[in-house]
Every structure is written in structure tokens, then in C-alpha cells.
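Peer 1:
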Amino acid sequence: MQRLGDFKLPHFFNYPPYFTLQPVRETREKQVQLWKELILDYCRSQKIFVISLEEDFPLFSNPVVERSLSHEARQVFLAALVNEGRAEWVDKSHKKCLILWLRIQDWADYILNFVKENGFEDSVMTIEDMRFGIETRGTELAGIDRGVLLRALKLLEQKGKAAIFKGASADDEGVKFSA
Amino acid sequence: MRRRPGIAGLKSAAAARDQYRLVGENVARIRADVMKEQLETFRTQLEDFARKHKNDIRKNPTFRSQFHEMCAKVGVDPLASNKGFWAELLGIGDFYYELGVQIVDICLSTRSHNGGLINLQELCSLLCQRRKVAREAVTEDDCLRAISKLKVLGSGFEVISVGKKKLVRSVPTELNKDHNEILEVAQAQGYVTIEELEKRLSWSSGRAIDALETLLKEGLAMIDDGHRDGKRRYWFPCVASIFSAQGSDGLRSS
């Protein structure tokens, strides 16, 4: 099986027609579904949060079969993810796409669980530490996108499970969890 | 002696014919009896054989195939019913039933990719992948047998031959001669171009396009515009094996 780094690529990735937008509805649906899954799986495994359509994204071309997704195809697949709530356009011109391989609500649940499992209720963590600190190493939180993290924490704040506060500088942003 | 015409003559000719007929019937009956006996002997011996080699029949595909041939010669169909001696002793009915169910499942799950036509080799390979746990090897022969049983159930499954390959069709789509020819040409590289069809088969471009459009609509073909030569290619998933692992883990074919 072909790999991209340590990521195992699915078989369809080596079948040239999947890189061309299919005109027949049922075939197109299958194609979109396969690409959506691939994008989510790949981004999750590589902790990628933003895809830039104008830059080279390794998933969008396969040198082995000498095929690349057209700009239109990339738009179609990402738009499908957006429609499903698994992605968001970062800009109006649809050049950058935020990939929510976990939805914001899923992240909020994940953080809550993480806090409970590690006994962090009533303790304080900086945003930086949550993203790059030792405590989160090896968890999905490691390397999380800042914007996504803050949105998830805000959700928790609304439920009274957390309180976000700002310190003296941007680096001092932190959150206090409550049981 | 002068032959006697007249009624008496006719009567004795009729009597003679009757005699011959009786003898003939006797001979026939004796032959049939002998044959029946022989057949019974064969059957008993076959049953003994099956009992002794039950495991081999289950585990060894070549052996299994030869066993079926033997049964066929003697007029025994171990798969004829799911009950009775054969099914109980060998569980063979179950084996093919299970295979049939798995085949249907594979065909259904690959339908959106190949349009309901899958080549036998790939089917068999996917089947083996699924059955790795059971460690009971499955050959194309077994697949064909399971599919023929499916047919009896009126499931709409059919095996068609296109060129060198056998394709299993699980949808009612009928392929006409033009479609078949396209599939044959496609077997070389997995795809065709309009130009190729025109050249190879001496078709007009209209004829080629019509046939290809139908195949496309039926979900049997996919377009590919990505080659640097700019020519559109029509790929046929049913003649390729992209989902099964190819190579050394052995595709067994009969």
C-alpha cells in the first residue's frame, strides 16, 4: 500500500479516474465520499487544521499515477466537507479551509474528558501549555489549532465548565477548569 | 416353407413381435437393475470417501474441486439441499451458502465503484481477504459454484465472459455486443480512448461515443481527463483489481 509519510493511502488514490470530477451522479457521490473521508483521515493523522487550496497539498496529487485534482475538484470536495459541518471556509474567496476532523463540540467533549481523566478540575492551564505542553503530549490536543481550541473552550465556558482569562500578553492566555 | 399370408400369418407375426418385445424389456430391465446397483455402490463408496476425507474437502480447494467432479459424474449434488446426509456430514451446503452471502455483500459494497460488474479474480481476492480468519481457502472455482447456487435462487447474479476474463454481474444491466467489445479492449490497460476504439474496432466516433456514454451512465465506466496528453480516458473498474491486494499473497485461480 502506498504511503504518504506514515499515512497509509487508500486504494482509490491510485486509480486515475478518481482525480477527475465524475459526471454521473452516483459515481460522483461515491467519489466525493471517498475524498471527504481521505481528507479527514489524513488531516487527523497529521494534525493538519488548515488546507490552502493554492498551495501544494500532498493529498491533492499523486505522482505515482501522474494525476492531480483540479482547482474545481478541490473546491467540490472541500465544499462537501463544509456542508457536512466538518470544515469551514476561513475566507470569503474560499482559498483556505479549516478542517474540523473533530467538530468544535467534539473538541469540547474531548477537553472535558481530558480534564477529568487527569484531575485538572480546579486547576489552571495556559493556552500554550494546552497546545504544546507536556500534559497534552500524546493526546489529540497536542498541536491543536489555536482558534479551534479557543472556540471549544468558549463552548465549555458557556456551560460553566471553564473560564477563559487573559494575562498580560497573548502568551498568558489561560483557562481555569471547574468540576 | 411357403409364407402364409392371410389372417393367420398376421397373427403369428404379431405374436413373434410380442415375444421379441418381452425379451427386449427383460434385457432392458436387467440392465437398468444392474446399473442401479452399480450406482448405489458408487454412492455408498462416495459417502464413505466423504466421511473419511471430510477435513480435506473443507480445507483443500483442489481436493474439493475434484470431489465435486466425482460427485457430478455419479449424479450426486452435495449442494442440492441444505438438509440431508451431505449437508449434515460435510456442512458443504453451509460453506457455499456462506460464500454466497459474502459474495452478495462484496458485490453490493463495490457497486458504487464498479457499477455492478466485478471481475472474478478481484471478487475471489476480496473474499479471501475477508475469510483470512477462517483460514479456509477459496478459489475462483468455489466462487463460481456459489454463484451458480445464487442463480438458482433467482438473485440476478450471473457470470459473463469478456475476452480472457470472467466478470460477475450483480445488476440487471444487459451488455450488448458493442459494450462487450469495449470491455475486451479495456482489459489490456484498464481503459480505452475513443480514438482507440475507432482504430481497433473500425467504429465511427458516433458509435464509440454512444456505447461509452451508456457504460458511463450505468456506472460501469469512469472518465479520466488528467493525462498530460489531454485525451479523455474511459476506465473500467470491473476489469481492474484495485481494492484487493495484488501480488505475493496469492490469487488462486482454477
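Chains as they are written, first to last, in my numbering: chain A, 136 to 314; chain B, 825 to 1078.
Glycine included, every Cβ here is placed at the ideal spot set by N, Cα and C.
Because the structure is a prediction, the values reported are computed rather than measured.
(1) Opposite V259 (chain A) in the DSSP bridges: which residues?
(2) State yes or no: is the C-beta of L169 (chain A) within less than 8 Å of the C-beta of F147 (chain A)?
(3) Restricting to runs no shorter than 3 residues, where is the beta strand (DSSP E) found entirely within the segment 932-960 of chain B?
(4) Please identify the residue among B:C1062, B:S936, B:R853, B:R882 whose C-alpha is closest to the C-alpha of S985 (chain B).
(5) In whole angstroms, give me the CA-to-CA distance for D141 (chain A) and Q890 (chain B).
(6) Under the rule that 16 or more other beta-carbon atoms within 10 Å means buried, what is M265 (chain A), buried or exposed?
(7) So does the segment 866-877 of chain B actually touch the segment 936-945 of chain B, counting three or more Cβ pairs closer than 8 Å?
(8) Please state whether the Cβ-Cβ distance between S313 (chain A) and K296 (chain A) is less than 8 Å.
(9) Beta-carbon of R202 (chain A) versus every beta-carbon of chain B: anything under 8 Å?
(10) For the segment 980-1030 of chain B, which segments carrying the beta strand (DSSP E) assignment without a break, of at least 3 residues, lie completely within its bounds, in sequence order?
(11) What are the boundary residues of the alpha helix (DSSP H) that C178 (chain A) is part of?
(12) Taking 8 Å as the cut-off, decide whether the C-beta atoms of G1043 (chain B) and V211 (chain A) are in contact.
(13) N197 (chain A) bridges to which residues according to DSSP?
(14) Determine the closest residue to I234 (chain A) out of A:A214, A:Y245, A:K227, A:K251, with distance taken between C-alpha atoms.
(15) On a CA-only basis, which of A:L156, A:Q137, A:G220, A:P145 is nearest Y1058 (chain B)? Give me that one, please.
(16) Could you give the distance in angstroms between the alpha-carbon of R272 (chain A) and the alpha-carbon of S187 (chain A)?
(17) For the alpha helix (DSSP H) holding F300 (chain A), just list the boundary residues, first then last.
(18) I want to know whether the segment 267-285 of chain A touches the segment 842-854 of chain B - three or more CB-CB distances under 8 Å.
(19) Does the beta carbon of I1047 (chain B) come closer than 8 Å to any beta carbon on chain A?
(20) DSSP on W224 (chain A), reduced to helix/strand/coil?
Peer 2: Taking the geometry as given:
(1) Answer by DSSP bridge pairing, in chain order: A:K311.
(2) Yes, these two residues count as a Cβ contact at 8 Å.
(3) 941-943
(4) B:C1062
(5) Going by the C-alpha atoms only, they are around 46 Å apart.
(6) buried
(7) no
(8) Going by beta carbons, S313 (chain A) and K296 (chain A) fall inside the 8 Å limit.
(9) R202 (chain A) counts as touching chain B.
(10) 982-986, 989-993
(11) 160-181
(12) no
(13) A:R202
(14) For I234 (chain A), the nearest C-alpha among the options comes from A:A214.
(15) A:L156
(16) 26 Å
(17) It is not in any alpha helix (DSSP H) - F300 (chain A) instead sits in the beta strand (DSSP E) that spans 297-300.
(18) With fewer than three CB-CB distances shorter than 8 Å, the segment 267-285 of chain A does not count as touching the segment 842-854 of chain B.
(19) Taking Cβ atoms only, chain A reaches closer than 8 Å to I1047 (chain B), which makes this a yes.
(20) strand
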